[in-house]
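*Asks:* This is the structure I want to talk about, given as structure tokens.
2 protein chains.
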Amino acid sequence: MTIVTKLHSNSVPTCYDHRGEISACSMDYLSWLLAKLVPVASDPEAEFVRQITLFALLLCACIIVGHLLENNTRWMNQSITALLVGLGIGCFILITSHGKSSHILEFKQEFFFIYLLPPIIFNAGFQVKKKQFFRNFLTITSYGVFGTLLSFAIISFGASRLFPMLDFGYLEIKDYLALGAIFSATDSVCTLQVLNQDETPLLYSLVFGEGVVNDATSVVLFNAISNFDLSDMNYYTALDFAINFFKLFMLSTFLGVCVGLLCALIIRLLKLGSSGQSTDHEVALMMLMAYLSYITADMFALSGILAVFFCGIAMSHYAWHNVTDNSQVTTKHSFATMSFIAEVFIFLYVGMDSLDVAKWRFIEDSPGKSIWVSIILLVLIMIGRAAFLIPLSCLSNLTRRDSNERIGFKQQFIVWWAGIMRGAVSIALAYKKFTGSGQTIQPANALLITSTITVVLFSTIVFGLLTKPLIKALLPESSYREPCSPTSSMIPLLEDGHDDDPETGNHRTLRSRPSLKMLFRRPTTTVHYYWRKFDNGFMRPVFCGTGSASDANGTRDMDAVY
Amino acid sequence: MTIVTKLHSNSVPTCYDHRGEISACSMDYLSWLLAKLVPVASDPEAEFVRQITLFALLLCACIIVGHLLENNTRWMNQSITALLVGLGIGCFILITSHGKSSHILEFKQEFFFIYLLPPIIFNAGFQVKKKQFFRNFLTITSYGVFGTLLSFAIISFGASRLFPMLDFGYLEIKDYLALGAIFSATDSVCTLQVLNQDETPLLYSLVFGEGVVNDATSVVLFNAISNFDLSDMNYYTALDFAINFFKLFMLSTFLGVCVGLLCALIIRLLKLGSSGQSTDHEVALMMLMAYLSYITADMFALSGILAVFFCGIAMSHYAWHNVTDNSQVTTKHSFATMSFIAEVFIFLYVGMDSLDVAKWRFIEDSPGKSIWVSIILLVLIMIGRAAFLIPLSCLSNLTRRDSNERIGFKQQFIVWWAGIMRGAVSIALAYKKFTGSGQTIQPANALLITSTITVVLFSTIVFGLLTKPLIKALLPESSYREPCSPTSSMIPLLEDGHDDDPETGNHRTLRSRPSLKMLFRRPTTTVHYYWRKFDNGFMRPVFCGTGSASDANGTRDMDAVY
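Listed in order, the protein sequences are those of chains A and R. Going by UniProt numbering, the letters in the first sequence line up with residues 1 to 562, in that order. Going by UniProt numbering, the letters in the second sequence line up with residues 1 to 562, in that order.
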């Protein structure tokens with residue numbers, strides 16, 4: 001059979017036999033099926049095009065199936081659908097290719113960090129309910145910092161004591177520390193899918209906010225593992241560690257906020273909205289500058305996640321009010337769409353990739369050990385999470401005078417439960433740590449990779465599926481919708497300028513001038529008072545060109561308007 | 001100086017000296033400057049992050065500078081700004097790196113075809129004024145098919161006669177044919193920037209439509225050059241060629257329209273708009289399916305450009321009316337934004353890449369020859385374009401009874417002028433043809449690459465800059481705004497259901513029942529009558545769920561509403 005060459009390709013047409021091709025190139029079965037249909041030469045570019053086509057097709061299928069399941073069942077969501085579709089397709093390819101391969105296309109792990117993660121985190125910052133986030137800022141930070149450190153310590157210590165009993169190969173102290181860091185990285189992406197910001201604002205902001213701060217901690221941890229000699233840990237190194245973390249946290253946040261403010265200023269001063277193609281220019285600039293904040297932070301060895309998250313917050317608070325109405329709708333929905341596509345992409349890929357035979361072959365003779373390692377890791381994650389959540393929540397409750405605001409036992413349980421899920425971040429980090437140039441070499445490393453995959457799949461599917469029913473069972477609708485509204489009408493909170501009613505909200509806040517006594521009694525209220533004054537008096541006039549939050553522009557709430 | 005490692009990287013920290021590093025890795029100067037600021041290990045991933053950061057920064061700069069220039073001068077546009085910024089930065093890097101390099105990051109040519117071109121062409125189809133496009137469909141097709149073939153023949157023949165006189169190396173007959181194909185590929189991307197759809201709808205649809213059809217022809221040409229033995233060209237091979245073209249054209253269009261209709265059907269039947277995250281799901285599905293049409297066509301060796309263009313038309317005619325209001329705004333503007341970013345990206349990259357020293361080094365001893373080759377090619381392009389434009393336009397005018405509709409001499413001149421620009425497509429094809437795995441080997445090939453760059457830069461900058469003033473000079477505002485409106489109120493055209501006034505438009509069309517005599521006198525009018533009947537009676541009820549164009553949903557015009 002004579003085959004015509006591919007588009008724009010000038011290679012000589014070849015005759016080939018498909019059976020011969022599949023054995024030579026170890027092609028995937030689906031690609032092989034397509035090869036029967038599609039008469040193209042077997043050059044790498046054509047192969048890549050075929051893989052991309054299949055992947056795009058699967059993404060579409062995931063969205064459609066996910067939508068149907070989400071509407072007809074109460075348990076499913078898009079992430080888990082994509083994960084299951086990926087697993088199903090992986091199984092199909094695995095069976096039909098006689099155990100040769102399980103995925104359509106292979107990406108480097110950097111692809112995840114450079115292209116897929118930024119839109120998800122930026123969108124989360126852009127759409128986050130700022131009032132809730134900042135009200136719980138101290139709790140979130142303590143979860144993200146001390147919680148992650150405690151988790152890290154417990155997992156590392158536990159693994160170093162328990163793994164030698166299984167006798168599957170020698171691991172260095174650095175490997176145990178890396179394991180601790182990998183499994184203390186909460187998966188913010190899955191949280192976004194499982195928890196609903198409108199239904200459970202407090203839980204959402206706690207779990208998601210923890211995930212964002214967690215990233216900054218894990219960067220510091222990784223740098224620390226590489227740079228510090230942890231055998232002679234003393235007060236000095238601990239202090240150094242703390243200073244490093246504080247610097248990183250502040251610099252990342254500062255960078256993100258600065259980029260967001262710069263974007264607002266550019267759009268305002270250049271009057272981008274005045275030209276014909278205004279919307280395109282505005283949206284393009286916001287997109288690119290958001291990405292810039294992430295990648296710049298990454299370049300300077302800061303936390304990109306933290307930077308792009310705060311850039312999203314700054315953009316939605318200032319830049320969003322400077323653009324035209326059409327741009328407001330477009331940014332709100334196109335950022336959400338990009339984030340959505342990236343999420344489905346990640347889970348689909350993880351689903352397919354988790355069946356990759358190359359990774360499982362190394363543990364053929366010891367499947368029991370892999371299961372034991374997974375169970376140990378999962379139990380350590382649970383213990384580590386409980387160990388910081390309960391004390392920190394109790395501590396946080398001590399500072400909350402209003403009983404409605406306290407994090408009750410049931411809520412603690414849900415925060416604990418939802419945060420156990422480990423996702424693409426853990427897998428990507430595990431690959432980075434335990435594979436040398438894409439290939440697993442040592443049996444012990446291969447075992448850790450497969451165990452990571454098992455933990456991620458199990459936690460995402462089981463904990464992900466059960467979170468919604470759990471919330472329904474523990475917190476009946478009437479109780480979990482409340483915690484945010486009643487308190488916000490009783491005391492003025494660290495709320496966002498356009499989150500509240502312009503008249504009542506402003507008067508309420510500005511009427512009660514805080515005293516020094518107030519500062520100690522209600523620190524957030526006082527901080528909020530000065531922040532609002534500063535925001536209305538200086539920030540908004542400079543970055544939005546409007547006097548105060550009660551201006552026509554300032555009162556538009558993203559969620560209320562569109 | 002001890003350097004800390006990059007985010008999530010577990011490599012051992014190394015000490016290095018920047019001077020040593022730059023000589024070892026032949027790093028770009030800007031990156032080197034950054035290396036002074038940014039303490040990261042010199043692993044390839046960190047290097048890539050640094051390159052992406054710089055490129056994102058330049059993209060932002062291009063948008064801002066382009067916006068300022070576009071608003072303050074009458075000649076400039078975003079493409080030319082990006083090209084000039086790219087050239088400027090390229091110069092800067094070239095000088096400061098002492099002639100070692102000129103670009104920040106290097107992409108494979110496939111990157112252009114797989115990622116950057118689809119959003120541009122899809123957006124063009126999505127936003128094209130369908131009335132104008134279909135009214136001139138025959139003319140556009142004849143330009144795109146016969147025009148491209150004639151251009152190809154003239155350039156190939158002229159080059160094969162004139163180049164041997166310059167004596168710069170031996171070229172095969174296939175090389176000359178490839179040259180013809182490369183330089184008969186009109187640059188649709190640049191046309192979109194230089195011509196304005198609202199100001200000169202006729203010219204825009206002619207030049208841009210030609211560019212789209214041109215792509216289908218060039219695919220057939222490339223396949224033909226590879227597969228046919230052109231030394232014994234006879235009636236049979238010519239017929240084969242024609243059948244091949246017709247098949248390709250029809251299949252690509254069919255594929256694009258089918259995907260567009262399928263998308264409309266899925267959105268309608270699944271009621272994607274009913275769930276909470278409706279807009280994200282709808283927009284994501286439209287985006288992915290549009291991309292699917294391009295990449296599937298590519299996979300089946302069809303014309304991806306043609307497919308995604310017609311997919312865009314079908315989506316804007318059917319799918320767009322099934323989605324929520326927010327999705328309508330979001331799709332319209334986010335597709336335009338993505339297209340805009342891709343355009344700026346391409347021109348910025350071409351600007352930087354055109355100064356790449358590796359390509360120019362081969363012609364150091366014969367710069368005169370490169371200039372002569374460029375001049376010959378440019379003259380051949382001009383002759384080839386004139387050779388088909390004048391006869392085909394005259395032929396087209398014979399079928400137009402209304403003198404307002406005819407393509408006058410001045411308009412022919414502008415179509416000729418605007419279509420001379422060659423762009424990224426030509427450069428990408430030239431690289432594919434004349435470089436083996438990214439490196440130019442033969443001096444003759446290197447000369448052709450540099451000549452292609454020269455022709456592209458010269459034609460884009462000179463012809464691009466002068467097009468707007470030329471249109472202003474030849475067609476004063478009063479005359480060039482008219483040709484579309486008056487005719488459309490006199491005879492019912494092949495207009496789009498939501499392009500016209502719902503009441504008058506429908507009554508007008510359906511009142512005058514065409515006869516067989518009409519079919520010969522006014523073929524488009526008759527075709528249009530039956531199409532409208534079919535569209536309102538079958539297509540819209542099935543794919544939009546609305547009875548006719550006069551429904552509340554059907555009458556919304558994308559341009560009028562948002």
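Every residue gets a Cβ at the ideal spot worked out from N, C-alpha and C, and that includes glycine.
Please report how far the alpha carbon of R:Phe434 lies from the alpha carbon of R:Pro367, in whole angstroms.
*Replies:* Answer to the nearest angstrom: the Cα atoms are 18 Å apart.
*Asks:* Does any C-beta atom of chain A lie closer than 8 Å to the C-beta of R:Ile140?
*Replies:* No, R:Ile140 lies away from the interface with chain A (no Cβ there is under 8 Å from its Cβ).
*Asks:* At 4 residues or longer, what runs of the alpha helix (DSSP H) sit wholly inside the region 404-458 of chain R?
*Replies:* Qualifying alpha helix (DSSP H) stretches, in chain order: 409-418, 424-434 and 443-458.
*Asks:* Mapping DSSP to helix, strand and coil, what is R:Asp298?
*Replies:* Helix at R:Asp298.
*Asks:* Report the neighbours of A:Arg50 on chain R: residues whose CB is nearer than 8 Å to its CB, in chain order.
*Replies:* What A:Arg50 touches in chain R: Met299.
*Asks:* Which chain A residues are close to R:Val329, counting only those with a beta carbon under 7 Å from its beta carbon?
*Replies:* The answer, in chain order, is Asn326, Val329 and Thr330.
*Asks:* Would you kindly work out how many angstroms separate the C-alpha atoms of A:Phe113 and R:Val49, rounded to a whole number?
*Replies:* Taking the straight line from one Cα to the other gives about 10 Å.
*Asks:* Determine the direct distance from the alpha carbon of A:Leu348 to that of R:Ala430, and round the result to whole angstroms.
*Replies:* Distance between the alpha carbons of R:Ala430 and A:Leu348: 37 Å.
*Asks:* Taking 8 Å as the cut-off, decide whether the C-beta atoms of A:Leu83 and A:Gly256 are in contact.
*Replies:* No; because the gap between Cβ atoms is not below 8 Å, this pair is not in contact.
*Asks:* Rounded to whole angstroms, what is the Cα-Cα separation between A:Ala178 and A:Thr141?
*Replies:* Taking the straight line from one Cα to the other gives about 22 Å.
*Asks:* Can you give me, in chain order, the residues of the region 279-311 of chain A that have a beta carbon less than 9 Å from any beta carbon in chain R?
*Replies:* Taking 9 Å as the Cβ-Cβ cut-off against chain R, the residues of the region 279-311 of chain A that qualify are Thr279, Asp280, His281, Glu282, Val283, Ala284, Leu285, Met287, Leu288, Met289, Tyr291, Leu292, Ile295, Thr296, Ala297, Asp298, Met299, Phe300, Ala301, Leu302, Ser303 and Gly304.
*Asks:* Can you tell me where the alpha helix (DSSP H) holding A:Arg540 begins and where it ends?
*Replies:* It spans Arg540 to Phe543 - the alpha helix (DSSP H) in which A:Arg540 sits, taken as one unbroken run.
*Asks:* Considering only the alpha carbon of each residue, which of R:Ile427, R:Asn445 and R:Ser354 lies closest to R:Ile182?
*Replies:* Cα-wise, what sits closest to R:Ile182 is R:Ile427.
*Asks:* With DSSP collapsed to three states, give me the class of R:His317.
*Replies:* If DSSP states are grouped into helix, strand and coil, R:His317 belongs with the helices.
*Asks:* Please list the residues of the region 125-149 of chain R that have a C-beta atom closer than 7 Å to any C-beta atom in chain A, keeping them in chain order.
*Replies:* Listed by position, the residues of the region 125-149 of chain R near chain A (Cβ gap below 7 Å) amount to none.
*Asks:* Mind pulling the chain R residues with CB within less than 8 Å of A:Phe340?
*Replies:* Neighbours of A:Phe340 on chain R, chain order: Gln277, Asp280, His281 and Ala284.
*Asks:* Is there at least one Cβ from chain A nearer than 8 Å to R:His103's Cβ?
*Replies:* Answer no: the Cβ-Cβ gap between R:His103 and chain A never drops below 8 Å.
*Asks:* Is there a Cβ from chain A that is less than 8 Å from the Cβ of R:His67?
*Replies:* R:His67 counts as touching chain A.
*Asks:* Given 7 Å as the limit, tell me if A:Cys311 has its C-beta closer than that to any heavy atom belonging to the ligand FMN.
*Replies:* The ligand FMN is absent from the structure shown, which contains no ligand whatsoever.
*Asks:* Could you tell me which of R:Tyr235, R:Phe246 and R:Val308 sits nearest to R:Val259, measuring between CA atoms?
*Replies:* Out of R:Tyr235, R:Phe246 and R:Val308, R:Val308 has the C-alpha closest to the C-alpha of R:Val259.
*Asks:* If we count the other Cβ atoms within 10 Å of its Cβ and call it buried at 16 or more, is residue 567 of chain A buried or exposed?
*Replies:* Shown here, chain A extends from 1 to 562; a query on residue 567 of chain A therefore has no answer.
*Asks:* If the criterion is Cβ atoms closer than 8 Å, does the pair R:Asp325 and A:Ala336 meet it?
*Replies:* No, the pair does not count as a contact, with Cβ atoms beyond the cut-off.
*Asks:* Is the beta carbon of A:Val357 sitting closer than 8 Å to the one on A:Leu389?
*Replies:* No, the pair does not count as a contact, with Cβ atoms beyond the cut-off.
*Asks:* Return the chain-ordered list of same chain residues with a C-beta closer than 7 Å to the C-beta of A:Ser403, the five sequence neighbours on each side being excluded.
*Replies:* Answer for A:Ser403: no residue qualifies.
*Asks:* Could you run through the region 58-89 of chain R and flag, in chain order, every residue whose CB is less than 8 Å away from some CB of chain A?
*Replies:* Answer set for the region 58-89 of chain R: Leu59, Cys60, Ile63, Ile64, His67, Leu68, Glu70 and Asn71.
*Asks:* Reducing DSSP to helix, strand and coil, say where R:Phe168 ends up.
*Replies:* Residue state, collapsed to three classes: coil.
*Asks:* If you draw a straight line from the alpha carbon of A:His507 to that of A:His528, how long is it in whole angstroms?
*Replies:* Any reading at A:His507 is ruled out, since the residue's pLDDT is 38, under 50, leaving its predicted position unreliable.
*Asks:* Which residues, in order along the region 148-167 of chain R, keep a beta-carbon less than 8 Å from a beta-carbon of chain A?
*Replies:* The residues in question: there are none.
*Asks:* What would DSSP say about A:Ala185, mapped onto helix, strand or coil?
*Replies:* Three-state DSSP puts A:Ala185 in coil, outside helix and strand.
*Asks:* Counting only beta-carbon separations shorter than 8 Å, does A:His333 have a partner in chain R?
*Replies:* Yes, A:His333 counts as interfacial toward chain R.
*Asks:* Could you pull out every residue in the same chain whose Cβ sits closer than 7 Å to the Cβ of A:Ala342, ignoring the five residues on either side in sequence?
*Replies:* For A:Ala342, where only same-chain residues beyond five positions count, the Cβ hits under 7 Å are Leu116, Pro119 and Ile120.
*Asks:* Say whether chain A places a C-beta atom closer than 8 Å to the C-beta of R:Thr266.
*Replies:* Here the sequence assigns Ile to residue 266 of chain R, which means Thr is not the residue at that position. Cβ-Cβ to chain A under 8 Å: yes for R:Ile266.
*Asks:* Could you please tell me which residues of the region 393-426 of chain A, in chain order, have their CB closer than 7 Å to any CB of chain R?
*Replies:* Per Cβ criterion, the list is empty.
*Asks:* Which same chain residues end up closer than 8 Å to A:Ser151 when comparing Cβ atoms and leaving out the 5 residues on each side of it in sequence?
*Replies:* Cβ within range, chain order: Gly180, Phe183, Ser184, Ile381, Gly384, Arg385, Ala387 and Phe388.
*Asks:* Given that R:Thr337 touches chain A, what residues does it touch there, using C-beta distances under 8 Å?
*Replies:* Those within 8 Å of R:Thr337 in chain A are Thr279, Asp280, Val283, Ala284, Met287, Thr330 and Ser334.
*Asks:* Kindly list, in the order they appear in chain A, the residues whose Cβ is closer than 8 Å to that of R:Leu270.
*Replies:* The contacting residues are Ile64, His67 and Leu68.
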